[in-house]
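Everything below concerns the one structure shown next.
Protein chains: 2
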Amino acid sequence: MKIDDLDKKILYLLSKDSRLSMRELAKRVHLSSPSVTERVRRLESEGVLKGYTIEIDYKKLGFDVECFIEVTVRNGQYIKFNNFINEYPFVEFCYRIAGKTCYIVKLRLKKIADIEHFINSVNSFASTETYVVISKNETKSDYLELEELI
Amino acid sequence: MKIDDLDKKILYLLSKDSRLSMRELAKRVHLSSPSVTERVRRLESEGVLKGYTIEIDYKKLGFDVECFIEVTVRNGQYIKFNNFINEYPFVEFCYRIAGKTCYIVKLRLKKIADIEHFINSVNSFASTETYVVISKNETKSDYLELEELI
DNA sequence: GTTGAAAGACACCATCC
DNA sequence: GGATGGTGTCTTTCAAC
């Protein structure tokens, strides 16, 4: 699929406010609304635009703790781990990685003590290395390479 | 701020489709639309609902590589690293962590070779440990503790 | 918290360049 | 590929309860 600068700008604007109407979006990219609507529908059907969602402040919901846990599975018990991580709540993400460990997991929890439950749960088939989040850095995240377009 | 089950359900529904109209949202939570609108405005102004955004498939934009990089800053050159990570493109996130290393960074890149540029750039003031993502696991991410509500 | 009404915004379609 | 104009629907908002 060919994605031009206009598509990228549409993605950028929707990433900043996904509730923008096609009309308003059209204004901002200096296009007519049928054209913009068609581009958005195409981005959706091609799967580039996977979905419309919100950003939630989990701290305000009582989840004050974030941590990364590196998991090293023992004795090839990957299926066991996959089943476990699929069901465990409060997992923001889990990636299979190439490197010193097998998986990197991020959890959002209400309190530090909740880390223990996770670690104890995997302990019979995997070892862990925990990193508690202190703060988050500001980053640019310029995936759309839009710097010069806006 | 008091957040009840209805608020959580609203957050859940908006996280699945942030373009839902207040009318449609009202239907789904069995409330009138003025009530839902008021709740959404409250969630916004309290900062629980931080913003409306989209999910983008970066692979379809040519970013085929994801990796985690643990960064250990040498000789207390934290300001240098903070300035660097603030400007470097393609950083999905960067967290200051308590544990064996100083920071954990996630990058999204077009090709494996692009990792080298990042590593070389920080090498004068920090050491790195790289993990290339192989796959992503499915997870529940049940932060809203909604299992019984839906 | 609800209902109902009114004004406005919206998406959609046909048509055209 | 893109623009314009008309139509009917949807939506928000407000007042009254």
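Heads up: the sequence lines are chains A and B, in that order.
Per the numbering used here, the first sequence runs over residues 3 to 152.
Per the numbering used here, the second sequence runs over residues 3 to 152.
We treat Cβ as the ideally placed atom computed from N, Cα and C, and that holds for glycine.
The structure presented is a predicted model; accordingly, all values stated were derived computationally and were not measured.
Unbroken alpha helix (DSSP H) run spanning residue i, endpoints
| i | result |
| --- | --- |
| Thr39 of chain B | 35 to 47 |
| Arg98 of chain A | Taken as a continuous stretch (DSSP letters only), Arg98 of chain A belongs to no alpha helix (DSSP H), being part of the beta strand (DSSP E) at 93 to 100. |
| Ser197 of chain A | With chain A running from 3 to 152 in the structure shown, residue 197 of chain A is simply not present. |
| Ile56 of chain A | It is not in any alpha helix (DSSP H) - Ile56 of chain A instead sits in the beta strand (DSSP E) that spans 51 to 58. |
| Lys10 of chain B | 7 to 18 |
| Glu89 of chain A | 80 to 89 |
| Glu26 of chain B | 24 to 31 |
Distance CB(residue i)-CB(residue j) smaller than 8 angstroms
| i | j | result |
| --- | --- | --- |
| Phe65 of chain B | Ile106 of chain A | no |
| Tyr60 of chain B | Arg21 of chain B | no |
| Thr55 of chain A | Ile56 of chain B | yes |
| Ser47 of chain B | Phe86 of chain B | no |
| Lys138 of chain B | Tyr97 of chain A | yes |
| Ala100 of chain A | Val134 of chain B | yes |
| Val31 of chain B | Leu63 of chain A | no |
| Arg25 of chain B | Ser37 of chain B | no |
| Leu8 of chain B | Leu33 of chain B | yes |
| Asn77 of chain A | Glu140 of chain B | no |
Distance between beta carbons of residue j and residue i, contact taken as under 8 angstroms
| i | j | result |
| --- | --- | --- |
| Phe127 of chain A | Phe83 of chain A | 7 angstroms |
| Ile58 of chain A | Ser17 of chain B | 7 angstroms |
| Val67 of chain B | Lys108 of chain B | That belief does not hold up - the Cβ atoms of Val67 of chain B and Lys108 of chain B are roughly 11 angstroms apart, past 8 angstroms. |
Residue interval of the beta strand (DSSP E) (run including residue i)
| i | result |
| --- | --- |
| Arg110 of chain A | 105 to 111 |
| Glu72 of chain A | 67 to 75 |
| Lys138 of chain A | 128 to 138 |
Proximity test, residue i beta-carbon vs the ligand SAH heavy atom, cut-off 7 angstroms
| i | result |
| --- | --- |
| Leu16 of chain B | As far as ligands go, the structure on display features none, and thus does not contain the ligand SAH. |
| query | Can we say the stretch 39 to 57 of chain B touches the stretch 9 to 25 of chain B, given the rule of at least three CB pairs closer than 8 angstroms? | reply | yes
| For the 8 angstroms Cβ check, are there 3 or more pairs between the stretch 84 to 92 of chain A and the stretch 134 to 151 of chain B? | yes
| query | Taking contact to mean at least 3 C-beta pairs separated by less than 8 angstroms, is the stretch 128 to 136 of chain A in contact with the stretch 71 to 81 of chain A? | reply | yes
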